[in-house]
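In my numbering, the protein residues as written are 4 to 539.
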């Protein structure tokens with residue numbers, strides 16, 4: 004059987020215009036990197052690509068002759084690398100990059116060593132970068148002189164492979180760093196759900212290596228806000244962001260208030276704008292902006308946000324001077340944004356822009372194996388907040404976990420429900436011990452809270468246009484009136500027609516009236532327009 008032919012060794016390096024020089028017999032008494040590299044008995048150089056600038060052709064010829072005298076089997080070529088200033092990074096990198104792209108590498112027959120001892124420090128850095136990025140498919144070779152420079156000895160050399168996966172210690176450090184990052188995102192909780200652990204593992208990789216928008220989906224209370232903040236803290240700890248973390252629940256802002264909160268405003272932009280306001284996008288410059296419930300944003304805010312994401316500039320309310328902000332967006336939603344796009348309530352181009360990295364956080368009821376470690380976490384958090392150590396007795400813990408992980412454990416509010424349950428039980432625990440009586444009381448309360456209430460017709464109408472968070476901010480007194488106005492408007496072809504129904508009594512007492520304007524202003528109080536009510 005024929006043995007596989009050994010690959011030829013090709014060295015690529017810059018001519019050392021100072022260190023490779025020398026005249027007369029005395030030149031052999033000093034260390035010259037390019038020549039000495041070819042003097043090592045255990046390193047056969049088949050070809051030396053000696054990169055030169057045009058003005059050093061004569062010197063290159065002399066160096067090539069000396070290499071041939073010490074290593075006749077080494078073929079020396081002198082490709083031209085043309086740059087004026089060896090300390091100009093842009094010039095040097097461009098010249099070496101062009102050489103790398105045009106060189107006919109044959110990795111099946113040849114192996115390549117990049118000599119980084121000669122040339123300016125800028126050139127050495129450029130060679131390293133081009134090798135690390137695999138434009139030069141090679142290993143590095145570093146040569147060093149003998150103890151006495153004025154010596155005919157060739158000195159030493161060391162080959163450096165930049166494939167870090169081959170170094171066990173470095174690889175283990177990367178694995179440890181990754182494990183620490185994943186644990187940090189999970190707040191140190193030893194979660195057991197395989198799908199959730201795989202999800203966090205992926206999020207850690209994206210958080211470290213990408214600054215593109217991230218979309219976190221999942222039910223209310225699944226942990227989107229906490230995860231967004233942990234992503235920020237992880238990136239900040241790794242010096243990937245230097246700015247602040249800014250957040251807002253989009254369901255809590257509407258109309259001018261939303262535009263001002265997000266993009267800021269200038270003094271006098273609208274009634275009540277007594278001074279300039281920075282806005283959250285500016286507050287998140289070089290940091291992260293977390294927009295929870297992004298599906299609640301109005302059409303104007305969506306359009307402005309899209310422009311800000313793509314251009315990194317925007318106009319504060321009332322200003323004609325654009326401002327810039329280099330922020331990373333993390334968005335959260337409990338809605339199906341694709342359905343919102345279909346129903347005309349969310350911009351398709353904005354969804355396309357924020358949908359590069361989408362991660363769906365499962366509800367607690369789908370992660371029952373994680374309830375036990377999260378229970379421990381909540382107990383620890385309570386102890387930190389209050390300075391009081393609280394624990395279950397054995398029977399009480401068994402009873403609570405059986406309920407929590409069984410079919411009765413609906414966890415409709417997810418981790419908010421668990422946090423509330425632990426807080427209540429800890430507060431009632433005399434002597435710092437939760438007993439079965441406290442557990443039974445809490446189970447009864449949770450079962451009562453999870454009973455699905457009968458939805459009124461008014462509730463169904465309002466839920467079509469408002470999230471539960473937004474509805475919670477509307478007085479119960481106003482909800483019935485608002486639902487009735489919406490129902491009439493949806494059935495009426497025009498604002499005026501709706502006004503004739505809604506204001507039938509008051510119209511009789513007025514000589515003139517503008518019912519359409521009255522309805523328009525009323526709807527605006529709740530962030531709605533006539534167009535919102537008539538989208539298909």
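We put the beta carbon where it would ideally sit given N, CA and C, even for glycine.
Check, Outcome
"Tell me whether residue 249 sits in a helix, a strand or coil according to DSSP, three-state version.", "strand"
"Please report how far the alpha carbon of residue 314 lies from the alpha carbon of residue 200, in whole angstroms.", "35 Å"
"How should residue 127 be labelled, buried or exposed, when 16 other C-beta atoms within 10 angstroms of its C-beta is the threshold for buried?", "buried"
"Please determine, among 47, 340 and 82, the residue with the shortest C-alpha to C-alpha distance to residue 75.", "47"
"Bridge partners for residue 488 per DSSP, in chain order?", "Looking at the DSSP assignment, residue 488 forms no beta bridge with any residue, so it has no partner."
"From which residue to which residue does the alpha helix (DSSP H) around residue 533 run?", "533-536"
"Taking the alpha-carbon of residue 506 as reference, which of 521, 422, 495 and 496 has the nearest alpha-carbon?", "521"
"In terms of residue numbering, what span does the alpha helix (DSSP H) encompassing residue 423 cover?", "418-431"
"Are the beta-carbon atoms of residue 426 and residue 380 separated by less than 8 Å?", "no"
"Closer than 7 Å by C-beta to residue 499: which residues in its own chain qualify, once you throw out the five before and the five after it? Chain order, please.", "518 and 519"
"Label residue 120 either buried or exposed according to how many other C-beta atoms from any shown protein chain fall within 10 Å of its C-beta, with 16 as the threshold for buried.", "buried"
"With a threshold of 16 other CB atoms inside 10 Å of the CB of residue 409, please say whether the residue is buried or exposed.", "exposed"
"Using DSSP's beta-bridge definition, name the partner residues of residue 160.", "146"
"Ordered along the chain, which non-local residues of its own chain (more than five positions away) have a Cβ less than 8 Å from that of residue 281?", "267"
"In its own chain, which residues sit with a C-beta less than 7 Å from the C-beta of residue 185, not counting the 5 before and 5 after it?", "203, 204 and 207"
"Threshold first: 4 residues or longer. Then list the alpha helix (DSSP H) segments lying entirely within the region 356-394, N to C.", "374-389"
"Hey, is the region 355-366 in contact with the region 231-249, meaning 3+ C-beta pairs nearer than 8 Å?", "no"
"Could you give the DSSP three-state label for residue 192: helix, strand or coil?", "coil"
"Is residue 113 helix, strand or coil when you go by DSSP?", "strand"
"Is the region 301-311 touching the region 362-373 in the sense that three or more CB pairs, one from each, lie closer than 8 Å?", "no"
"Pairs of beta-carbons, one from the region 218-230 and one from the region 257-273, closer than 8 Å: are there three or more?", "no"
"Is it the case that the Cβ atoms of residue 99 and residue 133 are separated by a distance below 8 Å?", "yes"
"Tell me the residue span of the beta strand (DSSP E) that contains residue 548.", "Past the boundaries of the shown model lies residue 548; the chain is included only from 4 to 539, so the question cannot be answered."
"Once DSSP output is grouped into helix, strand and coil, what is the label at residue 73?", "helix"
"Based on DSSP bridge pairs, tell me the residues matched to residue 13.", "50 and 115"
"Residue 474 to residue 446, Cα distance in whole Å?", "28 Å"
"Rounded to whole angstroms, what is the Cα-Cα separation between residue 247 and residue 333?", "13 Å"
"Excluding the 5 residues preceding and the 5 following residue 36 in the sequence, name in chain order all residues of the same chain whose CB lies nearer than 6 Å to its CB.", "19, 22, 120, 121 and 146"
"Work out the CA separation of residue 253 and residue 275 for me, nearest whole Å.", "21 Å"
"Just to confirm, is the Cβ distance from residue 437 to residue 399 under 8 Å?", "yes"
"Quick one: which unbroken beta strand (DSSP E) runs of 3-plus residues sit fully inside the region 213-289? Chain order, please.", "217-220 and 248-252"
"Report back the beta-carbon spacing between residue 335 and residue 297 to the nearest angstrom; my notes put them in contact at under 8 Å.", "7 Å"
"Contact check, residue 102 vs residue 84 under 8 Å by CB: the rounded distance?", "6 Å"
"By how many angstroms is the C-alpha of residue 526 removed from the C-alpha of residue 532?", "6 Å"
"Buried or exposed: where does residue 480 fall if 16 or more other Cβ atoms within 10 Å of its Cβ makes it buried?", "exposed"
"Using CA coordinates, which residue listed in 183, 40 and 131 is at the minimum distance from residue 237?", "183"
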